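Heads up, the thing below is written out as structure tokens.
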Amino acid sequence: MISDDDPDPSEASPDVEPADTPDSGPSGETAEESTDGDGSSDRDIEVPMRVYKAITVFTTLFAIATVVGGFVVLDSATNRATASLSAIQPVAALFGIGLILAGAAAYAFSTRFRAAGMGKSKDDTAEGTDNG
């Protein structure tokens, strides 16, 4: 039984601010909605232009090589998708799928990097809507 002397846990004192959740910023925006003044989100990592170019080039090459390699391994494991279920090499097929996922993850991670002054084009409202 709750006595009158016990504080109600649902009542917060006015001087205590609610804790920020991991998905929300101090202003209540979610991490995807929270942006800096230049239009880049909190998840973006700002690096010098030279580093940005290197990251973009090498992660794109890595992603292409691993995705193509993954499809080649998967293709050979399934004998061009014509092998019966008992003839499939499951370890090679899983390795091929793993390569495809690794390439996709590397490319997705590389899109978090931005050079100084860069913003996402979809967030750029300074451009006119006319095409001419």
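Just so it is clear: in the sequence shown, position 60 is 60 by full-length UniProt numbering, and no numbers are missing. Where a beta carbon is used, it is the ideal one built from N, C-alpha and C, also for glycine. Keep in mind that this is a model prediction, so the values were computed, not measured.
- Query: Can we say the stretch 44-59 touches the stretch 97-112, given the rule of at least three CB pairs closer than 8 Å?
  - Reply: yes
- Query: From P48, G69, Q89, G70, pick the residue whose C-alpha is nearest to that of T78; which is it?
  - Reply: Q89
- Message: Our contact map puts A92 next to S76 with C-beta atoms below 8 Å; I'd like the distance itself, whole angstroms only.
- Response: 7 Å
- Task: For G70, count neighbouring Cβ atoms within 10 angstroms of its own Cβ and tell me buried if that reaches 16, exposed if not.
- Result: buried
- Own chain residues within Cβ distance below 6 Å of A102, not counting five before or after: T66
- Message: Using a Cβ-Cβ cutoff of less than 7 Å, which residues in the same chain neighbour R112 once the five nearest sequence positions on both sides are dropped?
- Response: Cβ within range, chain order: R43, D44, I45.
- Task: May I have the straight-line CA-CA distance separating I97 from V72, to the nearest angstrom?
- Result: 10 Å
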